[in-house]
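In our numbering, the protein residues as written are 3 to 382.
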């Protein structure tokens, strides 16, 4: 009886859309990597198998969270926060792996590696939600700045790696959660605009007076090249131009599954991670892109419904933070595939290759389902 009523309260719209996205991701990872000898070592299914292992781990974790209570003991939040900082510190030590200019990975044995900054997103959402939920009234200077002090230590450690993409995700869900918690929207908007102005002045100071920046020149170039990829068509602008060409070449119905040429012939780098959306559009066309976006729309819609129907402030903040994380990832990744957003290396949720990313996202879905199941006092 208990199990029947429990499963009856699962949000199957959310679960179904997520599982379909995972399936699409596995298919597209195979399509993008099967002919890449450098990645697969001659085994076409190698990356698919690794991703499938991560999916299984993520699904098991999701189920475990769904059958638990999302409201953890107070001590657990302190442990989660400390563990988050520990992982981010370890990755900056000699144990960390540097890949493409960023020291963001830990080797956990054999061909498997861990990216702590991916897990840091979910851990920060959980601890920040607890921090904000404990505030009865928001009417003092400390009420505004204490959340900033809460988020700054992990944020600084991620900036040091450097991982600008994850930093932007942090800021996005941070301000969304502040607004949901009851902070004045106009004041938050003013704070964001002030931050943008300060960043602009920092960059202007760098280019005109040579003041140092926390990022390397090539990383800044990669972030800004989308504004004019033709300025360096065979260098920094190559990925942007090829992504746009790949998306457009699929036209309405695509070239057919496994029939894409841009990725297979090596024109589009990182086609199984950053630019997997372009590969999907090349093979499935506008129709495939529409289906994918429809699944994401369903997922975000259910996130919004769960946020609205949570039975407590903490659950509302957790759901809102996870929703904001998904929204930023989707908009940024698809935007950079279309040449309208900077290239930040942010993966497409549930579709891009990356074990840490998909495990984190599936665990996040577990929390969403948990909040939805316990939206009312259920009598089992």
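Idealized CB from N, CA, C, for every residue including glycine.
{"Asked": "Cross-strand partners of residue 356 (DSSP beta bridge)", "Found": "Residue 356 is not bridged to any residue."}
{"Asked": "Own chain partners of residue 316 with C-beta closer than 6 Å, once the 5 adjacent residues on each side are dropped", "Found": "131, 135"}
{"Asked": "Rounded separation between residue 30 and residue 341 - CA only", "Found": "21 Å"}
{"Asked": "Distance between beta carbons of residue 325 and residue 346, contact taken as under 8 Å", "Found": "With 8 Å as the limit, residue 346 and residue 325 do not qualify as a contact, their Cβ atoms being about 20 Å apart."}
{"Asked": "8 Å CB neighbourhood of residue 333 in its chain, flanking five on each side removed", "Found": "343"}
{"Asked": "Outcome for residue 207 when other beta-carbon atoms lying within 10 angstroms are tallied against a minimum of 16", "Found": "exposed"}
{"Asked": "Residue 123 classed as buried or exposed, judged by whether at least 16 other C-beta atoms fall within 10 angstroms", "Found": "buried"}
{"Asked": "For residue 98, the three-state DSSP class (helix, strand or coil)", "Found": "strand"}
{"Asked": "Span separating the alpha-carbon of residue 3 from that of residue 47", "Found": "Bear in mind that a pLDDT of 41 at residue 3, under 50, signals an unreliable position, so the model cannot answer this."}
{"Asked": "Pairwise C-alpha distance: residue 9 and residue 102", "Found": "44 Å"}
{"Asked": "C-beta contact flag for residue 159 and residue 177 at 8 Å", "Found": "no"}
{"Asked": "Where the beta strand (DSSP E) through residue 270 begins and ends", "Found": "It is not in any beta strand (DSSP E) - residue 270 carries neither H nor E in the DSSP assignment."}
{"Asked": "Chain B within 8 Å of residue 206, Cβ atoms only", "Found": "Protein chains in the displayed structure number just one, and chain B is not present."}
{"Asked": "Exposure label - residue 27; buried when at least 16 CB within 10 Å", "Found": "buried"}
{"Asked": "Contiguous alpha helix (DSSP H) assignments of at least 4 residues, all confined to the region 120-192", "Found": "143-162, 166-183"}
{"Asked": "Cβ distance (whole Å) where residue 252 is taken to contact residue 287 below 8 Å", "Found": "4 Å"}
{"Asked": "When 226, 198, 34 are compared against residue 279, the one with the closest alpha-carbon", "Found": "34"}
{"Asked": "Coarse secondary structure for residue 257, derived from DSSP in three states", "Found": "coil"}
{"Asked": "Cβ pair residue 126, residue 155 closer than 8 Å", "Found": "no"}
{"Asked": "Beta-carbon proximity check, residue 153 vs residue 183, cutoff 8 Å", "Found": "no"}
{"Asked": "Span of the beta strand (DSSP E), counted from its first residue to its last, around residue 116", "Found": "114-116"}
{"Asked": "Residue 313 in three-state terms, based on DSSP", "Found": "coil"}
{"Asked": "The region 56-69 in contact with the region 357-371 per 3-pair CB rule at 8 Å", "Found": "yes"}
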